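Visitor: Read top to bottom, the protein sequences are chains C and Y. Heads up, the first sequence is in the numbering used here, so the first residue is 6 and it goes up one at a time. Heads up, the second sequence is in the numbering used here, so the first residue is 6 and it goes up one at a time. Yeah, the Cβ is synthetic: ideal placement off N, Cα and C, and Gly gets one too. As the structure is a computational prediction, the values presented were derived from the model and not from experiment.
Number of protein chains: 2
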Amino acid sequence: MVVQADDAVFRPVRAGNPFEETVERLLQAIKLGVVVPGDRLPPERELATRLNVSRVTLREAIHALTEAGYVESRRGRYGGTFVNEQLPKPRRTPAKRLARDLAAGLDDALTLRFVLETGAAEAAATRTLTDAERDHLQRCLADTNAATLTDYRRLDSRLHLAIAEVTGSPSLTSAMADVRMRLNELLDAIPLLQPNLDHSNEQHRAVVDAILAGDPQTARQTMQEHLAGTEALLRAFLE
Amino acid sequence: MVVQADDAVFRPVRAGNPFEETVERLLQAIKLGVVVPGDRLPPERELATRLNVSRVTLREAIHALTEAGYVESRRGRYGGTFVNEQLPKPRRTPAKRLARDLAAGLDDALTLRFVLETGAAEAAATRTLTDAERDHLQRCLADTNAATLTDYRRLDSRLHLAIAEVTGSPSLTSAMADVRMRLNELLDAIPLLQPNLDHSNEQHRAVVDAILAGDPQTARQTMQEHLAGTEALLRAFLE
DNA sequence: AGTCAATGGACTGGACGTAGACCAATAGAC
DNA sequence: GTCTATTGGTCTACGTCCAGTCCATTGACT
């Protein structure tokens with residue numbers, strides 16, 4: 006009785022070699038706004054331990070990101086590896102090509118994103134938050150509202166991740182970060198228009214308000230509408 | 006601005022060595038009922054390719070499972086590696102010990118499970134299902150209803166996975182399989198009582214009915230109640 | 001009875017990743 | 001000015017994992 010489910014359970018044990026996965030992870034931290042321009046990454050020894058890779062491998066990954074223009078390293082005490090103030094622009098891969106490459110996985114990613122993000126909003130609103138968590142949420146919201154067009158994607162991601170964080174479930178946060186990275190390339194292919202951005206900001210505020218007010222039903226519903234907007238935009242653009 | 010989110014993004018790139026991860030994956034297939042006793046696993050060459058590990062590594066993993074009593078291999082054409090009819094009983098680790106070990110990750114896993122399973126039920130009810138998918142769901146439901154106490158956990162998992170499958174999102178299915186494995190050890194520590202089992206079966210039927218009827222709201226709500234029951238049982242038992 | 005295709009079983013050379021030690025530079029503390 | 005703790009930079013010996021190849025066994029088909 007072997008059915009389709011084995012596609013899920015017999016999927017690859019590892020996506021690539023440690024080097025590639027490490028690069029991907031560091032890019033995730035930068036592109037999702039977990040570390041912002043000017044920030045210092047943790048020291049190599051500590052970061053290597055946390056990522057569970059050797060320092061050599063981590064350094065190769067950092068070297069690759071240095072060459073790509075994402076980070077810069079300085080030696081000596083109080084040195085470290087710093088995120089560049091000017092991040093490289095994502096290459097605007099032609100949407101046609103993206104659509105062809107990712108069509109298969111697009112529904113997959115969108116479905117998972119929907120489940121994770123609406124669930125996170127609801128779960129966040131269910132918990133009683135600490136003052137630090139409330140501040141953190143509002144800070145991320147304010148940053149996103151103040152974002153320019155070039156910074157918007159990153160700060161938007163940061164806000165959505167912050168919502169996942171305040172659920173108190175690290176696994177949920179990780180899963181959301183992963184699926185968001187999968188959709189990033191596609192989202193970068195869509196031109197960002199100010200009206201859409203304004204509308205997003207309104208919805209963000211409504212979601213955060215509902216979470217802070219402890220209203221799970223509204224938080225979920227509002228997030229659902231927010232995601233539907235992006236999804237419709239995405240599908241329309243790729244048709 | 007490095008905050009708590011880096012715990013999620015700077016988490017280990019790989020959980021262990023390929024051997025361990027492969028063993029874990031095969032155990033997942035068996036314990037979640039994706040392959041049932043008597044089934045033949047895919048040929049080593051194919052399975053190694055799908056798991057993205059070398060055949061040597063896969064064979065070591067299979068060897069470990071053979072020694073543990075889960076599978077048996079036969080050579081020659083029409084041979085292969087088969088799941089044993091009599092699976093080893095899970096060792097009943099004392100709940101106290103489990104509670105201590107997993108207390109940190111328990112809320113994490115329960116939160117993620119809640120989000121994924123309620124989301125999956127809703128998403129499944131949103132899609133229009135093929136006849137094969139409807140049959141598959143009902144078959145899994147019937148199997149679970151007919152399950153004995155010893156088989157129940159496995160067939161229950163199989164049913165929940167089937168719901169994830171019919172969302173059409175492999176990533177969602179994988180994520181649910183992973184979180185379920187994390188909770189498995191704990192669930193095995195709880196004695197299974199017939200009344201609880203009967204109640205679960207009723208809820209299962211209600212969830213599947215809602216999915217087949219295309220009623221997302223009811224599917225989510227019913228699944229939520231179902232999960233709440235298990236969660237309450239779990240927490241009460243671990244106190 | 002013989003054939004043969006598919007499968008598990010075993011071996012080897014090379015590439016990759018790791019652990020650990022050591023070097024070099026830097027900026028604050030004194 | 002000197003010292004020193006902390007950080008990135010470099011090297012080496014070792015273990016793991018892998019791709020590829022060939023062998024051994026089996027049972028359905030002719």
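How do the stretch 109-129 of chain C and the stretch 167-176 of chain C stand: do at least 3 beta-carbon pairs fall below 8 Å, yes or no?
Guide: Yes, since at least three Cβ pairs between the stretch 109-129 of chain C and the stretch 167-176 of chain C fall closer than 8 Å, the two stretches touch.
Visitor: If you reduce the DSSP assignment to three classes, tell me which class residue 7 (chain C) lands in.
Guide: At residue 7 (chain C), the pLDDT of 44 sits below 50, so the modelled position is not reliable; the number obtained from the coordinates is stated separately. Looking at residue 7 (chain C) - three-state DSSP - the assignment turns out to be coil, as it is neither helix nor strand.
Visitor: Cα-Cα, which of C:228, C:40, C:167 and C:203 is closest to residue 137 (chain C)?
Guide: It is C:167.
Visitor: Could you work out which residues of chain Y lie near residue 221 (chain C), taking near to mean beta carbons separated by less than 8 Å?
Guide: Within 8 Å Cβ-Cβ: nothing; residue 221 (chain C) doesn't reach chain Y, min ~11 Å.
Visitor: At a CB-CB cut-off below 8 Å, which residues of chain Y make contact with residue 22 (chain C)?
Guide: Result: empty, since nearest Cβ-Cβ is about 10 Å, beyond 8 Å.
Visitor: Going straight from the alpha carbon of residue 221 (chain C) to that of residue 202 (chain C), what length do you get?
Guide: Residue 221 (chain C) and residue 202 (chain C): Cα-Cα distance of roughly 24 Å.
Visitor: Report the neighbours of residue 58 (chain C) on chain Y: residues whose CB is nearer than 7 Å to its CB, in chain order.
Guide: Correct list: 18.
Visitor: Under the three-state reduction of DSSP, which class applies to residue 45 (chain C): helix, strand or coil?
Guide: Strand, per DSSP.
Visitor: Using a C-beta to C-beta distance shorter than 7 Å, which residues of chain C count as neighbours of residue 142 (chain Y)?
Guide: Result: empty, since nearest Cβ-Cβ is about 11 Å, beyond 7 Å.
Visitor: Residues of chain Y with a CB under 9 Å from the CB of residue 71 (chain C): which are they?
Guide: Within 9 Å Cβ-Cβ: nothing; residue 71 (chain C) doesn't reach chain Y, min ~18 Å.
Visitor: Between which residues of its own chain and residue 240 (chain C) is the CB-CB distance below 6 Å, once the five residues before and five after are set aside?
Guide: Closer than 6 Å at the Cβ level, and outside the excluded window around residue 240 (chain C), lies no residue.
Visitor: For residue 14 (chain Y), would you say it is in contact with chain C, using Cβ-to-Cβ distances shorter than 7 Å as the test?
Guide: Chain C contact via Cβ: present.
Visitor: What does DSSP give as the partner residues of residue 87 (chain C) in its beta bridges?
Guide: DSSP, once it has assigned bridges, lists C:45 and C:77 as partnering residue 87 (chain C).
Visitor: Using the Cα positions of residue 162 (chain Y) and residue 226 (chain Y), report the straight-line distance between them to the nearest angstrom.
Guide: Roughly 19 Å separates the two Cα atoms.
Visitor: Going straight from the alpha carbon of residue 236 (chain Y) to that of residue 115 (chain Y), what length do you get?
Guide: So the alpha carbons of these two residues sit roughly 8 Å apart.
Visitor: Going by other Cβ atoms of all chains shown within 10 Å of its Cβ, with 16 needed for buried, is residue 118 (chain Y) buried or exposed?
Guide: Buried is the call here.
Visitor: Between the Cα of residue 63 (chain C) and those of C:71, C:72, C:10 and C:53, spot the shortest distance and give me the residue it belongs to.
Guide: That would be C:53, whose Cα lies nearest to the Cα of residue 63 (chain C).
Visitor: In this structure, does DSSP put residue 239 (chain Y) in helix, strand or coil?
Guide: Here residue 239 (chain Y) sits in helix by DSSP.
Visitor: Using a cut-off of 8 Å between C-beta atoms, extract the partners of residue 175 (chain Y) located in chain C.
Guide: Going along chain C in sequence order, the residues near residue 175 (chain Y) (Cβ under 8 Å) are 12, 13, 16 and 113.
Visitor: When the Cα of residue 72 (chain C) is compared with those of C:26, C:89, C:194 and C:60, which residue comes out closest?
Guide: The candidate whose alpha carbon is nearest that of residue 72 (chain C) is C:89.
Visitor: Can you grab the Cα-Cα spacing for the pair residue 7 (chain C) / residue 19 (chain Y), in whole Å?
Guide: With a pLDDT of 44 at residue 7 (chain C), under the threshold of 50, the modelled position of this residue cannot be trusted; read the value that follows with caution. One C-alpha to the other measures close to 28 Å.
Visitor: CB residue 146 (chain Y) to CB residue 209 (chain Y), shorter than 7 Å?
Guide: Yes, the Cβ-Cβ distance between residue 146 (chain Y) and residue 209 (chain Y) is below 7 Å.
Visitor: Starting from residue 194 (chain C), follow the alpha helix (DSSP H) in both directions and report where the run begins and ends.
Guide: Premise fails: residue 194 (chain C) is in no alpha helix (DSSP H) and is neither H nor E.
Visitor: So, at 8 Å on beta carbons, what are the nonlocal neighbours of residue 177 (chain C) in its own chain, with the 5 sequence-adjacent residues on each side left out?
Guide: For residue 177 (chain C), where only same-chain residues beyond five positions count, the Cβ hits under 8 Å are 121, 124, 125, 128 and 169.
Visitor: Excluding the 5 residues preceding and the 5 following residue 213 (chain Y) in the sequence, name in chain order all residues of the same chain whose CB lies nearer than 6 Å to its CB.
Guide: 142 and 146.
Visitor: Reducing DSSP to helix, strand and coil, say where residue 162 (chain C) ends up.
Guide: Here residue 162 (chain C) sits in helix by DSSP.
Visitor: I want to see whether chain Y comes within less than 7 Å of residue 91 (chain C), judged by CB atoms only; does it?
Guide: For residue 91 (chain C), the answer is no, since every Cβ of chain Y falls outside 7 Å of its Cβ.
Visitor: With 9 Å as the limit, tell me which residues of the stretch 153-172 of chain C have their beta carbon closer than that to any beta carbon of chain Y; keep them in chain order.
Guide: Listed by position, the residues of the stretch 153-172 of chain C near chain Y (Cβ gap below 9 Å) are 163, 166, 167, 169, 170 and 172.
Visitor: Check whether chain Y comes within 7 Å of residue 26 (chain C), counting only Cβ atoms and requiring the distance to be less than that.
Guide: Cβ-Cβ to chain Y under 7 Å: yes for residue 26 (chain C).
Visitor: Which value, in whole angstroms, describes the spacing of the CA atoms of residue 26 (chain C) and residue 193 (chain C)?
Guide: C-alpha separation (whole angstroms): 21 Å.
Visitor: Determine, for residue 124 (chain Y), whether the minimum Cβ-Cβ distance to residues of chain C falls below 7 Å.
Guide: Yes, contact with chain C.
Visitor: Note down the Cα distance separating residue 165 (chain C) from residue 223 (chain C), rounded to an integer number of angstroms.
Guide: Going by the C-alpha atoms only, they are around 16 Å apart.
Visitor: Suppose you measure from the CA of residue 65 (chain Y) to the CA of residue 180 (chain Y); what does that come to, to the nearest Å?
Guide: Going from the Cα of residue 65 (chain Y) to the Cα of residue 180 (chain Y) covers about 26 Å.
Visitor: Taking 7 Å as the threshold (beta carbon to beta carbon), is residue 55 (chain Y) in contact with chain C?
Guide: Cβ-Cβ to chain C under 7 Å: yes for residue 55 (chain Y).
Visitor: Quick check on DSSP: helix, strand or coil for residue 134 (chain Y)?
Guide: If DSSP states are grouped into helix, strand and coil, residue 134 (chain Y) belongs with coil.
Visitor: Please say whether residue 85 (chain Y) and residue 45 (chain Y) have beta carbons closer to each other than 7 Å?
Guide: It is a contact, given that the beta carbons lie within the stated cut-off.
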